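What follows is a set of notes on a single structure, which appears directly below.
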Amino acid sequence: TVWLSFNGEIFNHVELRRELTAQGHRFATGTDSEVVVHCYEQHGERAWSMLNGQFAFALLDRRAGRLWLVRDRVGILPLHWARAGRRLVFGSEAKALFASGLVDAALDPDGLAQVFTRWSAMAPATAFAGVRSVRPGTALRIDTHDLSATEQRWWQPDMTVDPRLAALSPDAAADELGDRLADSVRLRLRADVPVGAYLSGGLDSSVIGSLARQVDAGPLETFAVRFRDPAFDETAEQRRMATLLGTRHHEIVCGPDEIAGALADVVWHCEAPLLRTAPVPLYLLSGLVRDAGMKVVLTGEGADELLAGYSVFKEDRVRRFWARQPGSAMRPALFSRLHPEVQAGGARATDMWGHFFGRDLTATDLPFYAHLTRWHNTSWAGRVLHPDLRAAAAGPAGGPLGAGAGDDPTLLAEMPPGWAGWHPLARAQWVEVATFMSSYLLSHQGDRVAMAHGVEVRYPFLDPDVVDFCAALPPDHKLVGLRDKVALRRLAARTLPPEIWRRPKQPYRAPMTTALFGPDEPGFVTDLLSDGAIDGLGLLDPKAARLLRDRARARAGHLPGEREEMALVGALTLQALGRAYLVEGAERAAAARARFDAGPPPHVLVDLTDDRRGGEPVPAAPVHTQGATR
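Read in order, the letters of the sequence shown correspond to residues -19 to 610 in this note's numbering.
The structure is reproduced here in structure tokens:
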């Protein structure tokens, strides 16, 4: 009566099993998958909020005639679906839908508009027309009779400050954060295989590694990316932490050749254009984990969103400070403290920061004020899209692509009641979680590149108790002046050396156009950006694409600014996406459709356990299900 197709981990399945057994449920296996079924039988759709884990699943309730497509709170694992005539198909990735032969691959102009403004498409949008992504913290209820779909949002972050937490002293806040993180790490060390950890050299992964050593005294294997370019490298800090923790440390070296060699594969796995090359080193890192015989790793992602570690939060604070005296020449100079990697000095620096961050400076009441500068800068990259795509796409705000984000009505409708009363930092954090964390960070730099090598990444900072605690903390436990992650740094100071817990955040970046253009230009770059490919695929504006391409070649990849680099990387990866899915993928889909049409009706074989027969298996029988794929 209840069927489950499940991907992921339920970390509290042991505790749930104990409760359900006490309520009379009988289990045939020791798996966390079976706990989902029994939890649903006992609690109905309230079961989703009882699951502490990272998951995507389809649950069919034959008695009620309902199919549920359910995704975890913050969208760690992907879940896609599409209608195909009188059928509905679903899978973890869009390529699974195309492989059924029932769904054609075509690019979605609106999804591309989001990618070329915010780096990724926000669920339910994807880069493909007709393919939808289940939103994080959402259950999609589908009537099996007419395939009508209804969204039920069962969780989203609430940034309202808890009065109890507002009364905590700095030490008490660090204590409580530490207790919750330790419990989270303990749960995520539950596995049938050894669990390793990523070490970036920064605060977040160092805290997680340290907690893992405190929770489990056994051997710990750690993994890190080294960069040939010292501007991106954090080897010294990574090795310092590995030595301190006494781990067996593994490193992979990444440079232009490695980035160029893997970029096309990464686009295939990410199923979207990429405006940055940063996912590539993480793809290579997960390959290192696999080669070391490991299948599960812990990572520190999530801390920057929850505890205000990103520069976007500090930029927002400086801009609001500047907006009180918009004529000041001194206040915009504070941006130099946030971005010391940018080489500029004197009056030129002030003019540069004023030009970049001065747009809509005094419009501090805009709901997305903190992100407008970034979105506007990124949207410049949209000019490389073919005019037909630009004409067909509404920008994320409903206006023309490249016009900025403005008061995005779609995103505004997503915000919880009471958001207008939140502190500006809380609003900025919510937007970062909603538009960046799931759709880009946990996808392109998380699940997609890790699972490409069969590696499962676990996120202690994204445990529900940790997320709810951090969301409800007052701003002064997160960001004091320009000092970020205050509670976490206080916690880390108890066990980590000062050079780690005091260290300013170094943004994770990777070489971009300098890795792709120059005297040794990779063949796939030459091929995808040839005049014939640009004209043949019809995805790029020929004039804009050729201009950027030729400029990059003339300068050996050293383009004048980040937006030009993002535009050219976006153009190249869009070409790679089109080649893989619209040309080669169409041929595979046609073959799959022919096999589907020639074969028998799809069915599922399932082993049932009949308690009346003493637990002996009932012979499997084919059960025909409307719209099932193999």
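Glycine included, C-beta positions come from ideal geometry on N, C-alpha and C. A quick note: this is a predicted structure, and the numbers were derived from the prediction, not measured.
Start-to-end residues for the beta strand (DSSP E) that takes in residue i
i, result
"Val276", "276 to 278"
"Tyr178", "175 to 178"
"Ala8", "Run containing Ala8: none; DSSP gives neither H nor E here."
"Glu394", "It is not in any beta strand (DSSP E) - Glu394 instead sits in the alpha helix (DSSP H) that spans 389 to 394."
Sequence-distant residues of its chain with Cβ nearer than 6 Å to residue i (five each side left out)
i, result
"Gly326", "Interpretation of Gly326 is limited by its pLDDT of 49, a score under 50 that renders its predicted location unreliable; the figure taken from the coordinates is listed afterwards. Nothing listed; no residue qualifies."
"Trp333", "Pro312, Phe315"
"Arg533", "Phe497"
"Gly280", "Asp184, Ser185, Ile188"
"Ala153", "His457, Ala467"
"Val17", "Val(-18), Leu(-16)"
"Glu596", "Low confidence applies here, because Glu596 scores a pLDDT of 42, under 50, leaving its location unreliable and the question unanswered by this model."
"Tyr420", "Trp99, Ser100"
"Ala408", "Phe293, Asp296, Ala350"
"Ala240", "Ala495, Leu496, Pro502"
"Arg526", "none"
"Leu381", "A caution first: Leu381 carries a pLDDT of 47, below 50, which makes its placement in the model too unreliable to give a value."
Boundaries of the alpha helix (DSSP H) in which residue i is found, first to last residue
i, result
"Arg115", "No alpha helix (DSSP H) holds Arg115; DSSP gives it neither H nor E."
"Gly426", "Gly426 -> no alpha helix (DSSP H), and no H or E assigned at all."
"His(-7)", "-7 to 2"
"His356", "349 to 359"
"Ile514", "511 to 517"
"Gly91", "89 to 98"
"His18", "12 to 23"
"Arg438", "That residue, Arg438, is in no alpha helix (DSSP H); its beta strand (DSSP E) goes 436 to 438."
"Tyr263", "259 to 271"
"Leu528", "522 to 534"
"Val165", "150 to 168"
"Gln136", "Taken as a continuous stretch (DSSP letters only), Gln136 belongs to no alpha helix (DSSP H), as it is neither H nor E."
"Gly621", "There is simply no residue 621 to check, as the chain begins at -19 and stops at 610 in what is shown."
"Asp500", "That residue, Asp500, is in no alpha helix (DSSP H); it is neither H nor E in DSSP."
"Glu479", "478 to 481"
"Phe449", "444 to 452"
Burial state of residue i, where buried means 16 or more other Cβ atoms lie within 10 Å
i, result
"Cys335", "Note that residue 335 is His in the sequence shown here, rather than Cys. So His335 counts as exposed."
"Ala393", "exposed"
"Ala211", "exposed"
"Thr227", "buried"
"Pro137", "buried"
"Thr499", "The sequence shown places Pro at residue 499, not Thr. Exposed, because fewer than 16 other Cβ atoms sit within 10 Å of the Cβ of Pro499."
"Ser423", "buried"
"Thr342", "exposed"
"His356", "buried"
"Thr1", "exposed"
"Glu479", "exposed"
"Arg168", "buried"
Closer than 7 Å: residue i CB and nearest the ligand HEM heavy atom
i, result
"Phe35", "With respect to small molecules bound, the structure shown includes none, and the ligand HEM cannot be examined in it."
Sequence-distant residues of the same chain with beta carbon closer than 8 Å to residue i, five excluded per side
i, result
"Cys234", "Val205, Arg206, Phe207, Arg208, Val260, Pro261, Leu264, Ala490"
"Leu318", "Ser291, Lys294, Glu295, Val298, Leu462"
"Val95", "Ala101, Ala107, Ala252, Pro253, Leu255, Gly550"
"Leu405", "Ala288, Phe293, Asp296, Arg297, Pro455, Lys458, Leu459"
Close Cβ partners of residue i (< 7 Å) along its chain, the five nearest in sequence each way excluded
i, result
"Lys275", "Val173, Gly434, Val435, Glu436"
"His403", "Pro455"
"Gly71", "His60, Leu77"
"Leu268", "Phe203, His230, Ile232"
"Trp481", "Leu183, Arg469, Ala472, Ala473"
"Ala74", "His60, Thr106, Phe108, Val111, Glu251"
"Ser308", "Trp302"
Per DSSP, the bridge partner or partners of residue i
i, result
"Thr130", "Arg121"
"Phe207", "Cys234"
"Gly289", "Partner(s): none; Gly289 has no beta bridge."
"Ile(-10)", "Gly33"
"Trp48", "Leu39, Arg121"
"Ala64", "Arg67"
"Glu201", "Arg228"
"Phe108", "Leu87"
"Trp613", "For the chain, the structure presents residues -19 to 610; residue 613 sits outside this window and is missing."
"Val187", "In DSSP, Val187 forms no bridge with anything."
"Arg463", "Val460"
"Leu365", "Leu520"
Quick test of the definition: if touching needs 3 or more C-beta pairs under 8 Å, does the stretch 263 to 273 touch the stretch 88 to 97?
Verdict: no, contact absent.
Segment contact flag, the stretch 74 to 90 with the stretch 366 to 374, C-beta cutoff 8 Å, min 3 pairs:
yes
Do the stretch 189 to 196 and the stretch 295 to 304 make contact, defined as three or more Cβ pairs closer than 8 Å?
By the Cβ test, the stretch 189 to 196 is not in contact with the stretch 295 to 304, since fewer than three Cβ pairs between them sit closer than 8 Å.
Pairing CB atoms from the stretch 146 to 160 with CB atoms from the stretch 240 to 252, are three or more of them under 8 Å?
no
Count Cβ pairs between the stretch 99 to 119 and the stretch 285 to 292 that sit closer than 8 Å; are there 3 or more?
no
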